[in-house]
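Below you'll find the structure, written out as structure tokens, and then a few comments.
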Amino acid sequence: MEPISLAKALASFDALWSPRVVTTVNDYDVRVAKVEGEHVWHAHDHTDEFFLVLDGELHIALREPAGERTVVLPKGSVFTVPRGTEHRPTAPEGASILMFEPSGTLTVGDRHDEVPDHVDATTGHALG
Ligand code: NI
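Every letter in the sequence shown is one number past the one before it in UniProt numbering, and letter 50, counting from 1, is 50.
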């Protein structure tokens, strides 16, 4: 095992909404992704999902019991989507993000709207 530069990891691929697994911690993945535009509404029924914005600005729309709202995460912000909460990340101007979630977690969750072509339904790809 060697240290991993997140900048180099992000520079190694271009695909949007297609996370790379940079390392694992016990049974969790640390994943990075480049994002722009809209993801898809989905929910993870069995796990929270942690986001850290490395660059740019990420918006996460949430459907909560009290109604729908959108949280805005500038660079350097963290947010955890609670398990079971429908959410849709978007990045109007583009962003680079880091996610921390159990290995095997699908990007589109256990429930989701129809997945558009630009969204990769994956449990994360190995770094090239
Ligand atoms: Ni999610």
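Heads up, the beta-carbon is just placed ideally off N, CA and C, and yes, glycines get one too.
Model, not experiment: these values are computed from the prediction.
query: Say the cut is 7 Å; is the CB of Val78 nearer than that to a heavy atom of ligand 1?
result: Checking the Cβ of Val78 against ligand 1 gives no.
query: For Lys34, which three-state DSSP category applies?
result: Of the three classes helix, strand and coil, the one that applies to Lys34 here is strand, per DSSP.
message: For the alpha helix (DSSP H) containing Ala7, name the first residue and the last one.
response: That run of the alpha helix (DSSP H) goes 6-11.
- prompt: From Val119 to Thr105, what distance separates their C-alpha atoms?
  reply: Looking at the two C-alpha atoms, the distance is approximately 15 Å.
Under the three-state DSSP convention, the category Thr105 falls into: Thr105 falls in the coil class under three-state DSSP.
- request: For Thr70, I'd like the list of residues in its chain whose CB is within less than 6 Å of its CB, leaving aside the five on either flank, ordered along the chain.
  value: Taken in chain order, the residues that qualify are His59, Ala61.
query: What's the gap between the Cα of Gly109 and the Cα of Ala9?
result: Per the coordinates, the alpha-carbon of Gly109 lies some 24 Å from the alpha-carbon of Ala9.
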